[in-house]
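A.B. asks: In this text, residue positions in the sequence shown follow my numbering: the first is 13, and each later residue adds one. Cβ coordinates follow ideal geometry from the N, Cα and C atoms, glycine included. None of these values were measured; they are calculated from a predicted model. Below is the structure I would like to discuss, written out as structure tokens.
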Amino acid sequence: MATVRVEAVIDVSAARVWDAVADVVEGQRMPLTYHHASFQVFGEGDGCRLVWVTDVLPHAMAPMVRGVVERGITEIKETLESGS
Numbered sequence: 013m014a015t016v017r018v019e020a021v022i023d024v025s026a027a028r029v030w031d032a033v034a035d036v037v038e039g040q041r042m043p044l045t046y047h048h049a050s051f052q053v054f055g056e057g058d059g060c061r062l063v064w065v066t067d068v069l070p071h072a073m074a075p076m077v078r079g080v081v082e083r084g085i086t087e088i089k090e091t092l093e094s095g096s
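The following block contains the structure:
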């Protein structure tokens with residue numbers, strides 16, 4: 013099983029990030045036989061650190077999943093920091 017882990021420092025409160033990740037829905041269908049994702053949010057100064065961990069099978073799909081997760085965490089960061 014492959015594990016994809018990405019993180020971003022976001023300049024908003026941990027509570028606001030938790031509100032946002034509670035609404036995350038994966039819209040892209042991928043031919044995975046196993047998928048499990050989790051989020052962690054850690055307070056860091058005036059902002060926080062968001063960690064997104066995804067386990068996937070088959071292992072060969074990890075690079076594609078990494079691209080989706082990296083794009084997703086970037087979009088979360090940009091959206092929250094812009095106040096949208």
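With ASP23 as the anchor, note down where its alpha helix (DSSP H) starts and where it stops.
C.D. replies: Per DSSP, ASP23 belongs to no alpha helix (DSSP H) and is neither H nor E.
A.B. asks: Could you tell me which residues DSSP pairs with LEU44 in its beta bridges?
C.D. replies: DSSP, once it has assigned bridges, lists no residue as partnering LEU44.
A.B. asks: Considering only C-alpha positions, which residue in the set THR15, GLU19, PHE54 and HIS47 is nearest to GLU82?
C.D. replies: Nearest option by C-alpha distance: GLU19.
A.B. asks: Identify the residues that DSSP records as bridge partners of LEU92: which are they?
C.D. replies: In DSSP, LEU92 forms no bridge with anything.
A.B. asks: What would DSSP say about ASP31, mapped onto helix, strand or coil?
C.D. replies: Of the three classes helix, strand and coil, the one that applies to ASP31 here is helix, per DSSP.
A.B. asks: Can CYS60 and VAL16 be called in contact, C-beta distance under 8 Å?
C.D. replies: Not closer than 8 Å, so no.
A.B. asks: Rounded to the nearest angstrom, what separates VAL80 and ILE88 at their Cα positions?
C.D. replies: Straight-line Cα distance between these residues: approximately 12 Å.
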